[in-house]
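This report concerns only the one structure given below.
Right under this line is the structure:
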């Protein structure tokens, strides 16, 4: 520690060079922080909707195939399941196809019971929703986006479901709003629009008595896998076999459909760090080469080979850790921007600890070769300029 | 002045091998940026190519009005009959319209790289499909037969999804389907799909009716007449689109996202590489201070010195750009990947490193080189001659 001022002084021996090297380390760790966070987000879906006690049952053939509503009774009978709700994909937009609305016909009681803790909702508005068959309860962010107010009657266009009169346009009365309890889920829920399954099922011209998928809550998360198998066994060899899985796995499988994002991100990071290694490594080599006479003087003064090695590695360590801190701090600052772009994923600054580990590793890889050279320095040759 | 510039630049470039270390920092730094930029843009280009560039202007897709994609759409047998009588469709010798009634469904098939289920399109095609899509060729095995559970696999799908080989059996909805062959269709979206007979698919998924109709027009110019006759028919409510327009709409969003991500990462990396270039060029100028001062003393102007330093930086950047672009081309051109497309089904596509893309990469390299060379060049040109000569 007492050598810190010495290391610090040698680091700034050539100011411009150190600053430029530092900035390129900052840039590399900025990318590291951002890409690792994105990678983490894609492999860890947001938590509380997909809590360990939640299961999802879909048609085994594909989620685009529905399941009979009658399956509900059998699923309810499975021991260990405390709540079941049923949901259908409505495929809606408002006015133009770019105005996507995550509209879902739901069963009010079972849905809000199953997702209790997920929403902040005024009990009076929830009651108003219960009592209005053409009512809808809408996320506050979506209300803001389209300038809707409670009391408005809004048309939604479904790309799938025709009404009995052949129209794809449905109208709903907004009777209340809700927001996400967990801020991490705010983006995920931000375009949710809930309305009554009964109204939907009566109104649609085909598919009556079908539902898109079931969601279950189990009493004991440790039994979730066994219960999932029991549910699927109920419908084995029926025309609509099911696939039941923890909600988190379901979301993860969906994200994986986008592609092997982790591989792409790691490939980019590999290129970034290889380039950085080369650049910074070269600078360190150059810096030690220039200082050979000074290092020889240090040795003459009685510094041991190990101490000189420590000084050079310390310099590299200081450079990398300062660069990594700045870069990671910058990547942390970009989180709000990323959150807008990535819906339905949990973003948090996970890259910090592994980031510093990478920085220290980098410091040794870069610092050791010149440090070893400094350690092995022969005083006489070095002072004579033959180093 | 030009002669001075040429002499200086030549001298700089000739001494490059003596400064191999610091020069290679510029080359490798820029090669990294260009390789990443070109690879990511090749992805968005490949995706766009598969969806948007391979349709035919004389082919049309007819969906139920307001459905956006085939998966959501629904047409009855009667509607298909009406459509097949519309003017403008190409017809065979017996007068039957070249129109394929299709049923698009999505099946869970595991992806090879991630091992988890992905939405793969199983498309039931009508008996006129071979005439509507003459580009479709079997490259292995044979075509499926109607009325038996047989299907053929696009070559893109065969590469990306597990178990899709000729002769193997795919279990879909309690029934075993035999894969009779693998086809190509010129790199378009259908190579990501499984194709089977439409009525066999319909009975397997218990669906009456169809998703869409795909027709071949007698000429691209017949589109307006065909479109108007269908949209003005009060008994129909359909959307009629040219095939390229239909698929282009599905590629727009994702291609845009990939472009934004790719450019952002490349800009950040470019800034890093520029710092590297600045560093190297400053130390090159510092190392040659005496030499530059001598040149100035014997009458070389400040501008030729400035330009010659920039020329050196540009040459190194160019080398880096070419290296990075070549690397991206060697590793990724034709590399096959799959993602979820706008129609909620997997799209298999190949990364495309085109000459235009290579040029973009090299243009980026030159920009970094010029910016990284400018300030060191300025320092070289402003070097006080007397002081520099006296030093050392």
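Protein chains in written order, with our numbering: chain A, 1306 to 1692; chain B, 10 to 401.
Yeah, the Cβ is synthetic: ideal placement off N, Cα and C, and Gly gets one too.
The structure displayed is predicted, hence computed values, not measured ones.
Closer than 9 Å, CB to CB, is residue i near chain A or not?
i: residue 214 of chain B; result: yes
i: residue 120 of chain B; result: yes
i: residue 126 of chain B; result: yes
i: residue 246 of chain B; result: yes
i: residue 48 of chain B; result: yes
i: residue 30 of chain B; result: yes
i: residue 115 of chain B; result: yes
i: residue 371 of chain B; result: no
i: residue 328 of chain B; result: no
i: residue 250 of chain B; result: no
i: residue 152 of chain B; result: no
i: residue 201 of chain B; result: no
Taking all protein chains shown into account, decide if residue i is buried (16 or more other Cβ within 10 angstroms of its Cβ) or exposed.
i: residue 245 of chain B; result: buried
i: residue 64 of chain B; result: buried
i: residue 385 of chain B; result: buried
i: residue 1613 of chain A; result: buried
i: residue 266 of chain B; result: exposed
i: residue 389 of chain B; result: buried
i: residue 1379 of chain A; result: exposed
i: residue 1498 of chain A; result: buried
i: residue 456 of chain B; result: With chain B covering 10 to 401 only, the question about residue 456 of chain B has no answer from this structure.
i: residue 313 of chain B; result: buried
i: residue 1604 of chain A; result: buried
i: residue 1573 of chain A; result: buried
i: residue 1589 of chain A; result: buried
i: residue 364 of chain B; result: exposed
i: residue 174 of chain B; result: exposed
i: residue 290 of chain B; result: buried
i: residue 1432 of chain A; result: exposed
i: residue 1679 of chain A; result: buried
For residue i, collect the residues of the same chain with a Cβ closer than 7 Å to its Cβ; drop the 5 residues on either side in sequence, then sort them by chain order.
i: residue 1247 of chain A; result: The requested residue 1247 of chain A does not occur in the structure, where chain A is confined to residues 1306 to 1692.
i: residue 1414 of chain A; result: none
i: residue 1696 of chain A; result: As shown, chain A starts at 1306 and ends at 1692. That puts residue 1696 of chain A outside it, with no answer to give.
i: residue 1468 of chain A; result: 1475, 1508, 1509, 1510
i: residue 1536 of chain A; result: 1362, 1380, 1383, 1547, 1549
i: residue 1333 of chain A; result: 1577, 1578, 1581, 1632
i: residue 46 of chain B; result: 271, 275, 370, 373
i: residue 1513 of chain A; result: 1506
When you compare the CB of residue i with every CB in chain B, is at least one pair closer than 9 Å?
i: residue 1406 of chain A; result: no
i: residue 1598 of chain A; result: no
i: residue 1630 of chain A; result: no
i: residue 1591 of chain A; result: yes
i: residue 1525 of chain A; result: no
i: residue 1322 of chain A; result: yes
i: residue 1366 of chain A; result: yes
i: residue 1587 of chain A; result: yes
i: residue 1517 of chain A; result: no
i: residue 1542 of chain A; result: yes
Identify, in the order they occur along the chain, each residue of the same chain with its Cβ nearer than 6 Å to the Cβ of residue i, setting aside the five sequence neighbours on each side.
i: residue 227 of chain B; result: 99
i: residue 1335 of chain A; result: 1632, 1635, 1636
i: residue 178 of chain B; result: 185, 187
i: residue 1528 of chain A; result: 1385
i: residue 224 of chain B; result: 69, 98, 108
i: residue 55 of chain B; result: 358, 359, 360, 361
So, under 8 Å CB-CB, residue i and residue j are touching, yes? Tell me the CB distance rounded to an integer number of Å.
i: residue 334 of chain B; j: residue 370 of chain B; result: 4 Å
i: residue 198 of chain B; j: residue 60 of chain B; result: 6 Å
i: residue 213 of chain B; j: residue 181 of chain B; result: 7 Å
i: residue 1616 of chain A; j: residue 1339 of chain A; result: Contact flag wrong, Cβ pair sits at about 34 Å.
i: residue 327 of chain B; j: residue 378 of chain B; result: 7 Å
i: residue 161 of chain B; j: residue 112 of chain B; result: With a Cβ gap of about 16 Å, residue 161 of chain B and residue 112 of chain B do not count as contacting.
i: residue 1367 of chain A; j: residue 83 of chain B; result: 17 Å between Cβ atoms; not a contact.
i: residue 1502 of chain A; j: residue 1410 of chain A; result: 4 Å
i: residue 118 of chain B; j: residue 170 of chain B; result: 5 Å
Give every residue of the same chain whose Cβ lies closer than 8 Å to the Cβ of residue i, excluding the five residues on either side of it in the sequence, and list them in chain order.
i: residue 33 of chain B; result: none
Could you check if residue i belongs to the surroundings of the ligand SAH, using beta carbon to heavy atom distance under 8 Å?
i: residue 138 of chain B; result: Of the ligands one can find in the structure shown there are none, so the ligand SAH has no counterpart to examine.
Kindly indicate if chain D contains any beta-carbon less than 9 Å away from that of residue i.
i: residue 1551 of chain A; result: Looking for chain D here will not work: the only protein chains present are A and B.
Within the region 200-257 of chain B, note down every full beta strand (DSSP E) run reaching 3 residues or more, in order along the chain. Counting whole runs of 3 or more residues, the region 200-257 of chain B contains the beta strand (DSSP E) stretches 203-206, 221-225, 247-251.
Extract the residue ranges of the alpha helix (DSSP H) inside the region 251-310 of chain B, only unbroken runs of 4 or more that lie entirely within it. With a minimum length of 4 residues, the continuous alpha helix (DSSP H) runs that stay inside the region 251-310 of chain B are 252-296, 298-306.
Note down, one range per segment and in chain order, each alpha helix (DSSP H) of at least 4 residues found wholly within the region 1455-1528 of chain A. Within the region 1455-1528 of chain A, the complete alpha helix (DSSP H) runs of at least 4 residues are 1491-1494, 1502-1508.
Note down, one range per segment and in chain order, each beta strand (DSSP E) of at least 3 residues found wholly within the region 47-112 of chain B. Look at the region 47-112 of chain B and you find these whole runs of beta strand (DSSP E), each 3 residues long or longer: 68-73.
Runs of beta strand (DSSP E) wholly within the region 1573-1638 of chain A (minimum 3 residues, chain order): Within the region 1573-1638 of chain A, not a single complete beta strand (DSSP E) segment reaches 3 residues in length.
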